[in-house]
């Protein structure tokens, strides 16, 4: 039996369904992220776990106990809010100590525990400051220390890093994971930032329009997105509409606007409409006539560690990413060949909702 | 009314001194822009105040009226006469009680209001503010009809066998009416500071196991203290200088400072005396409010900024 279990949880606001029939099991000590665009119901889900929103249907169990109708202040969960929600009129020490005080921890025991929590987030010298005298990153740590000091069974993080600047966000990602590993608290994080979700989670739950579309390890979500939505939302991708011409021994043969390519997906039948999905970093640039396709570099962008090319070809504009290995990049306007191995191609059955311009696919 | 020292207009950001003409223009712009309002303020508020202060030092004779000379006699008689001291004390007692009751009623009212869903919130906000649309005099007469010997309350008491109770012309009546009139001035600033409150902060308190009451007392109340402070200052200031309510509901017996000023001017025709009482009221009011402001605000300045 899993530690935290959501079963058929639904939340309706009038006629609108914010969260529709989702089920999720989180193991003890696991770090799970709810990932999705805004309005997908991930925050509502977190609020139902926290007890701020009551589910319309379904049950939530924590360590075998049904907490679906339990009040927020009886659940004992540690929550880090997006706005941090620190108590502005209390010092850092008092902020962290508040939860212990509410749990009637004896005074003598409170001080060492607060100090321990502050040390964990490297804020010991700031115990006497007020929140408004701290930087964004420091406030974030106070919020984390405040949530961890009560030794909660589950730590809930609501977009914990979204208010930090890019550099700090990256540093805090690793620190967050580090602290979570050290403490071993079961953690559920809500985020719309896929790199955040991927880098620190054991498992990622992708949500779309109030439903869970995939629960998997970060690597598998990236490499094996189960829906076209996920392949677009998670990372950059080239989506190519095609038709299956024949099923072959190793997979199938697909025609993309007259160009025949092989894929390794089994179970496709001839005549079926499919969408091929190829990540930009899986495309290889070759000499003009040697690849599966020939195109021309329409634009190139320097991303520091990588080059991003937009390549015009018979299938429209494709994105390709190559590592910046120090060699001279291909010039804009130069002809170039594109090649890929059949193993990197993912197939979604059916046509695209609308033919997207790959150049505009900047999800994440 | 508040102790915030307004920044001097000349405190504009310093520009390079060698860059003369634009710098001068930048420096004079705030002065020029604030001049119309400043002139209006000076003409309509400071001039009468100054004239009143001057008047309070004029000599007065009951036979010949006001004479031009300078005297401190009026101040001396006000400050030493127990009659006046009692009226001052009563005024501040009544105002302080009205302010305290406004805090007790107005703060929860604003909190409940901020928690309401949208159609109802707008409706009740309107209900709270609607009394401001009715003249204070009309409202005072309303209370005197309600509480009068033939009013509905006394009729009800008689019907219940309790008998008639004299409610008009007492401190209690004046306080009740003042609270009624002043309540919106408490609700509005508290409501404003509640609007600025991050709702997640209260949720955070709950998530750490605080009861709803504890969350309000420990987390919400300290943060809306500036709103309560400004509401109290407004209510106290307006109550201490209120004229219509004590004039109409306090009757001839229960005098407050503003009604005494009125009597001095219009019954005794002793304008200098009335002016002296008015100046003393203003001064006492200022001292009380500044002290209160300093004590409460100073306590929270570092925390809330």
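Protein chains in written order, with this note's numbering: chain A, 1 to 364; chain B, 1001 to 1305.
C-beta: ideal position from N, C-alpha, C; glycine also.
Note that this is a predicted model, so its numbers are computed, not measured.
Subject >> Coarse secondary structure for residue 97 of chain A, derived from DSSP in three states >> reply: helix
Original post:
Leaving out five residues before and five after residue 1143 of chain B in sequence, what residues of the same chain have Cβ atoms less than 8 Å from its Cβ?
Top reply: 1173, 1176, 1177, 1180 and 1249
**OP:** Could you spell out where the beta strand (DSSP E) holding residue 1246 of chain B opens and where it closes?
**Re:** Note, residue 1246 of chain B: premise wrong, no beta strand (DSSP E); alpha helix (DSSP H) at 1244 to 1249.
Subject >> Where residue 1070 of chain B falls, given that 16 or more other Cβ within 10 Å makes a residue buried >> reply: exposed
Original post:
Alpha carbon to alpha carbon, how far is residue 1286 of chain B from residue 1093 of chain B?
Top reply: 16 Å
Original post:
If you compare alpha carbons, which of A:202, A:234, A:74 and A:61 is closest to residue 150 of chain A?
Top reply: A:74
Original post:
So, is the C-beta of residue 1219 of chain B closer than 7 Å to a C-beta in chain A?
Top reply: yes
Subject >> Test: residue 1257 of chain B CB closer than 7 Å to a CB of chain A >> reply: no
Original post:
Quick one: complete alpha helix (DSSP H) runs, 4+ long, within the stretch 71 to 120 of chain A?
Top reply: 92 to 102 and 107 to 120
**OP:** List the residues that DSSP assigns as beta-bridge partners of residue 1058 of chain B.
**Re:** B:1070
Original post:
How is residue 130 of chain A classed by DSSP in three states: helix, strand or coil?
Top reply: coil
**OP:** Kindly list, in the order they appear in chain A, the residues whose Cβ is closer than 7 Å to that of residue 1222 of chain B.
**Re:** 89
Subject >> CB of residue 1227 of chain B within 7 Å of CB of residue 1193 of chain B, strictly >> reply: yes
Subject >> alpha helix (DSSP H) segments (min. 4 residues) lying fully within the stretch 1170 to 1222 of chain B >> reply: 1171 to 1195, 1199 to 1207 and 1212 to 1215
Subject >> Span of the beta strand (DSSP E) around residue 232 of chain A >> reply: Not the beta strand (DSSP E): residue 232 of chain A falls in the alpha helix (DSSP H), residues 228 to 233.
**OP:** Evaluate residue 1086 of chain B with the Cβ neighbour count: other Cβ atoms within 10 Å of its Cβ, from every protein chain shown; 16 or more gives buried, anything less gives exposed.
**Re:** exposed
Original post:
For residue 31 of chain A and chain B, any beta-carbon pair shorter than 7 Å?
Top reply: no
Original post:
Where do the ends of the alpha helix (DSSP H) carrying residue 1138 of chain B lie?
Top reply: 1136 to 1147
**OP:** Specify whether the stretch 1143 to 1157 of chain B and the stretch 1057 to 1073 of chain B touch according to this definition: at least 3 beta carbon pairs, one from each stretch, less than 8 Å apart.
**Re:** no
Original post:
Curious, which full-length beta strand (DSSP E) runs of at least 3 residues does the stretch 254 to 298 of chain A contain?
Top reply: 259 to 263, 273 to 278 and 284 to 286
Original post:
For residue 58 of chain A, which residues of its own chain have a beta-carbon under 6 Å away from its beta-carbon, when the five flanking residues on both sides are left out?
Top reply: 7, 8, 9 and 10
Original post:
Alpha carbon to alpha carbon, what distance is there between residue 1102 of chain B and residue 87 of chain A?
Top reply: 26 Å
Original post:
With contact counted as at least three CB pairs below 8 Å, one residue from each stretch, are the stretch 154 to 161 of chain A and the stretch 180 to 200 of chain A in contact?
Top reply: yes
Subject >> Meets three-Cβ-pair contact criterion under 8 Å: the stretch 1198 to 1218 of chain B and the stretch 1266 to 1283 of chain B >> reply: no
Subject >> Partners in chain B for residue 150 of chain A, counting only beta-carbon separations shorter than 8 Å >> reply: 1208 and 1209
**OP:** Measure the CB-CB distance between residue 1235 of chain B and residue 1260 of chain B and report whether it falls below 7 Å.
**Re:** no
Subject >> With 16 other Cβ atoms within 10 Å as the buried cut-off, status of residue 147 of chain A >> reply: buried
**OP:** Could you check which residue in A:259, A:331 and A:346 has the C-alpha nearest to that of residue 266 of chain A?
**Re:** A:346
Original post:
Touching or not, the stretch 1184 to 1191 of chain B and the stretch 60 to 70 of chain A, by the rule of three or more beta carbon pairs under 8 Å?
Top reply: no
Original post:
Just curious, the alpha helix (DSSP H) that residue 137 of chain A is in, first and last residue?
Top reply: 136 to 148
**OP:** Would you identify the three-state DSSP class for residue 172 of chain A, choosing helix, strand or coil?
**Re:** helix
Original post:
Counting Cβ pairs, one atom from each stretch, are 3 or more of them under 8 Å apart for the stretch 168 to 182 of chain A and the stretch 9 to 23 of chain A?
Top reply: no
Original post:
Helix, strand or coil for residue 199 of chain A per DSSP?
Top reply: helix
Original post:
In terms of residues, what are the limits of the beta strand (DSSP E) holding residue 1256 of chain B?
Top reply: Where residue 1256 of chain B is concerned, there is no enclosing beta strand (DSSP E), given that its DSSP letter is neither H nor E.
Original post:
For the stretch 141 to 170 of chain A, which residues have a CB atom closer than 7 Å to at least one CB atom of chain B, in sequence order?
Top reply: 150
**OP:** Give the DSSP bridge partners of residue 5 of chain A, in chain order.
**Re:** A:25 and A:61
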